[in-house]
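Per this note's numbering, the very first residue in the sequence shown carries number 1; after that it's consecutive. Positions of the beta carbon are idealized from the N, C-alpha and C atoms, including for glycine. No experiment lies behind these values; they were computed from the predicted model shown. A quick write-up on the structure given underneath.
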Amino acid sequence: MRYHPQIQAQVTLLRAIRTALPQALIVGDSTQPVYAGNLYYDHDIAGGWFNAATGYGALGYAAGAAVGAALGAPGRPVICLIGDGGLQFSPGELRTALDENLPIRFVVWNNQGFGEIASAMAEVGAEVIGCDPSPLDMAAFAKACDLPFQTIIPEANALQMALKATPRGPSFIEIRDY
1 MRYHPQIQAQ VTLLRAIRTA LPQALIVGDS TQPVYAGNLY YDHDIAGGWF NAATGYGALG
61 YAAGAAVGAA LGAPGRPVIC LIGDGGLQFS PGELRTALDE NLPIRFVVWN NQGFGEIASA
121 MAEVGAEVIG CDPSPLDMAA FAKACDLPFQ TIIPEANALQ MALKATPRGP SFIEIRDY
């Protein structure tokens with residue numbers, strides 16, 4: 001199947017997660033790779049891929065849902081795939097993951113704003129407004145949450161290495177897409 005190269009790259013990242021952590025549950029937020037995954041990604045475990053990315057009303061969902069998934073499936077690694085914009089809706093969940101020592105890898109797709117919403121607005125010819133909040137310093141944020149932090153480029157091997165290098169408890173991986 002042929003589709004846009006950006007979507008292809010995002011689906012490749014999802015497959016890299018599955019390769020690095022085959023038993024992981026992937027919990028998604030309203031962010032570009034999750035929308036791409038809803039169209040073109042098949043997880044190999046029933047119930048292993050879930051999200052609320054069906055529109056623009058679920059920003060911030062993934063962080064709390066990842067905590068619930070980790071508590072509901074003890075011992076299974078959990079990937080919280082959330083955008084930098086959505087993360088700003090539910091930052092306290094990272095501390096909950098730390099306090100409970102949950103095996104959640106917070107993988108943050110950083111496009112410095114609400115990239116999915118901006119793209120959708122531009123595609124229909126609407127004026128793009130409200131899609132560029134002040135950028136969050138991800139390293140400082142992870143440090144404030146006492147989480148191990150890595151920044152990577154949006155590349156499958158880099159993501160696999162970052163996922164494998166993280167400790168057992170919660171961690172924070174920023175994927176810079178800018």
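Pull up the distance between the alpha-carbon of residue i and that of residue j, whole angstroms please.
i, j, result
"L183", "Y41", "What is shown of the chain runs 1 to 178, which leaves residue 183 out entirely."
"S30", "V108", "11 angstroms"
"S119", "F106", "24 angstroms"
"L102", "C131", "31 angstroms"
"T151", "I175", "6 angstroms"
"G75", "I129", "42 angstroms"
"G125", "D137", "31 angstroms"
"I104", "L13", "17 angstroms"
"N51", "G28", "4 angstroms"
"A20", "M161", "8 angstroms"
"H43", "S171", "22 angstroms"
"L87", "A46", "26 angstroms"
"P77", "A165", "13 angstroms"
"M121", "I153", "26 angstroms"
"E116", "R18", "23 angstroms"
Mind checking who residue i pairs with in its DSSP beta bridge?
i, result
"N51", "G28"
"S171", "R105"
"N110", "R176"
"Q150", "I173"
Thinking just about the alpha-carbon of each residue, which of the options is nearest to the one in residue i?
i, options, result
"V34", "Y178, A58, T19", "A58"
"R168", "I79, L39, L13", "I79"
"P148", "V124, I173, H43, Q160", "I173"
"F114", "P77, A46, G72, P133", "P133"
"D177", "C145, S171, P135", "P135"
"Y61", "Q23, E93, G72", "E93"
"C145", "G28, R95, E155, V67", "R95"
"Y3", "A20, P22, L39", "L39"
"A139", "L159, N110, A70, N157", "N110"
"I7", "P22, R15, R18, G37", "G37"
"Q32", "S171, V11, A46, A63", "V11"
"A70", "M121, D99, F89, Q112", "D99"
"A73", "K143, P154, Q23", "Q23"
"G64", "A97, P170, R15", "A97"
"V67", "G85, S90, D84", "S90"
"F141", "P5, E123, D84", "D84"
Between residue i and residue j, how many whole angstroms is the CB-CB distance? I'm expecting something under 8 angstroms.
i, j, result
"I82", "G48", "Between G48 and I82 the Cβ distance is about 17 angstroms, and since that is not below 8 angstroms, they are no contact."
"A53", "L159", "Not confirmed; about 19 angstroms, so no contact."
Counting only runs that start and end within the segment 57-138, where is the beta strand (DSSP E) found for 3 or more residues in a row? Counting only runs of 3 or more, we get 78-83, 104-110.
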